[in-house]
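Engineer: Structure incoming, see below.
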Amino acid sequence: MSSVQRTGITLIVLSVLFAFCYAVQHSISCLLLSFVLAYLFDPFVLMLERKGIRRIYGILILYTFLTILAIFCIIFLFPLLNMRWGMLVQELPGYVQRFKSMAVDLKGRFGTAYAAEEWQWLVNYVQAGADRLLGKLGAGMYEAVSSVVFNLFNFLLSPVLVFFMLYYKAESLAGILRWLPSSNRDFLVSVGRDINRSIGGFLRGQLIVSVIVALLSTVAMILLGVNHPLFSGIFAGVASIIPIIGVILATIPPLFFAYAEYQSGGILLQVCAVFSAIYFFEGYVIKPLIFKESMDLNPLVTIIMIMILGELLGFWGILLAIPITGAIKIYCHHLRIADEQKKG
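Count the sequence shown with our numbering and you get residues 9 to 352, in order.
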C-alpha cells in the first residue's frame, strides 16, 4: 500500500472519528478531560515509581495531595471566584448601558459637524447592538450556569476515570500492542512513542505557560487599576492556548473594562502595551525554556484545526487542536520515511 493510499484511508478514518465525536461530544468531553489530567499526572506517578513506590501507592499519594488541594480551593478560592463572578454579572449590564450612553453622546458631539447620514447608521448600529447584548445577558448567564451544572457530572466522573487510566496504564498499552498487526507493529509503536512524547510535552508545557500568563495579566491589571483583573487574567491564560488569535482575544476584556471605567485613550494604550510585553515575554522567554522542542506547525493549518475541533468538541477541541495536528504531522512524517525506505 502506497503512502497516498494510506493517507487517504487515514483521512477517511479521521472523518468518521470526528463525526462520531460530534454525535457523542458531551461524553467525549468527559473522556478528554480525564485523558488530559492523566497525561499531566502520569509523570508524578512515574517519579514515585522510580523511587521504589508501587504504582497504586503512588496514585493514592497523588489523590491525597489533590484532595487536600481541592479542600483548600473549596474553602478559600471558590468563594472568592464566586464573589468576583457575581460582581461581574451585576456590573455587566451597567457597562453595556454606559457604552450605549457614550454612543448617544458621540452622536450629539459630531452630529452638527458632519452630515447626519454619515454618522446615523453607525450610531444606530451601536445602539441596536447594545440593546441586543443587554437583552441576551440574562439568557447567556443562564445558559452558562446550566452548562456548568450539566458538566458537573463530568467533573465528578473524571477522577474515577483518571484513576483507572493511571492504574491500568501498562495493561492498556499491552492490550493495544497485542491488537496491532504484527507486520506494522514496529512502525505503529514508533509513531505512538513520538506522538506520546509530543502531546505529553505540549500539555504539560501549555499548562505552565497558561498559569504564568494568567498571573502576569492579573497582576498587571491590578497595577493599572482595571476592574475585574482576576477575570481578565484567567481569560488571558485560557486564550494563550490559541496561537496568534489568542493574543487578540486576551486583550478584549481588559480593554472593555478599562475604557468603560476611565473612558480614556491613554488607558487603552497602557493595556495594549502591557499585554504586548506579556506575550513578547511568553513567546521569546517562557516558551523556549519550557518547550524543549517545537512542533513547528503551519499557523494557517493550526488555526483551521482549532476552528474545526472547537466546533466539534468545544473547549476540549480548542485545547487539543495543536497536539492532534502535531500527531497527524508526526504520523505523516513516519509514513513518508517508511515509503522512502521501501523505494530505496
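Even for Gly, the Cβ is constructed at its ideal location relative to N, Cα and C. Being a predicted model, the structure only gives us computed values, none of them experimental.
Relative to the C-alpha of Leu68, which candidate in Phe163, Ile20 and Val170 has its C-alpha closest?
Structural biologist: For Leu68, the nearest C-alpha among the options comes from Val170.
Engineer: Okay, do the region 304-323 and the region 175-187 touch, 3+ Cβ pairs below 8 Å being the bar?
Structural biologist: No: fewer than three Cβ pairs fall under 8 Å.
Engineer: Given that a residue counts as buried once 16 or more other Cβ atoms are within 10 Å of its Cβ, and exposed if not, what is Tyr267?
Structural biologist: Tyr267 should be labelled buried.
Engineer: Report the three-state DSSP secondary structure of Lys59 (helix, strand or coil).
Structural biologist: Three-state result, Lys59: coil.
Engineer: Okay, do the region 332-342 and the region 245-258 touch, 3+ Cβ pairs below 8 Å being the bar?
Structural biologist: No, the region 332-342 is not in contact with the region 245-258.
Engineer: To the nearest angstrom, report how far apart Tyr47 and Gly102 are at their CA atoms.
Structural biologist: Going by the C-alpha atoms only, they are around 43 Å apart.
Engineer: Give me, in chain order, the residues of the same chain whose beta-carbon lies closer than 7 Å to that of Ala222; leave out the 5 immediate sequence neighbours on both sides.
Structural biologist: Only Gly241, Ile242, Ala244 and Gly245 meet the Cβ criterion.
Engineer: Nearest-angstrom Cα distance between Ala123 and Cys38?
Structural biologist: Because Ala123 sits at a pLDDT of 48, beneath the cut-off of 50, its placement in the model cannot be relied upon, and the following sentence gives the value as read from the coordinates. Taking the straight line from one Cα to the other gives about 57 Å.
Engineer: To the nearest angstrom, how far is it from the Cα of Gly274 to the Cα of Glu99?
Structural biologist: Using only the alpha carbons, I get a separation of about 23 Å.
Engineer: Output the distance between the C-alpha atoms of Ser23 and Pro261, rounded to the nearest integer angstrom.
Structural biologist: Between Ser23 and Pro261, the C-alpha separation is close to 36 Å.
Engineer: Could you spell out the range, first to last residue, of the alpha helix (DSSP H) harbouring Asn306?
Structural biologist: Neither: Asn306 is in no alpha helix (DSSP H) and is coded neither H nor E.
Engineer: For the alpha helix (DSSP H) holding Ser272, just list the boundary residues, first then last.
Structural biologist: Neither: Ser272 is in no alpha helix (DSSP H) and is coded neither H nor E.
Engineer: Which of the three DSSP states, helix, strand or coil, is assigned to Pro296?
Structural biologist: DSSP places Pro296 in helix when its eight states are reduced to three.
Engineer: Which residue comes first and which comes last in the alpha helix (DSSP H) that contains Glu290?
Structural biologist: Note, Glu290: premise wrong, no alpha helix (DSSP H); not H, not E.
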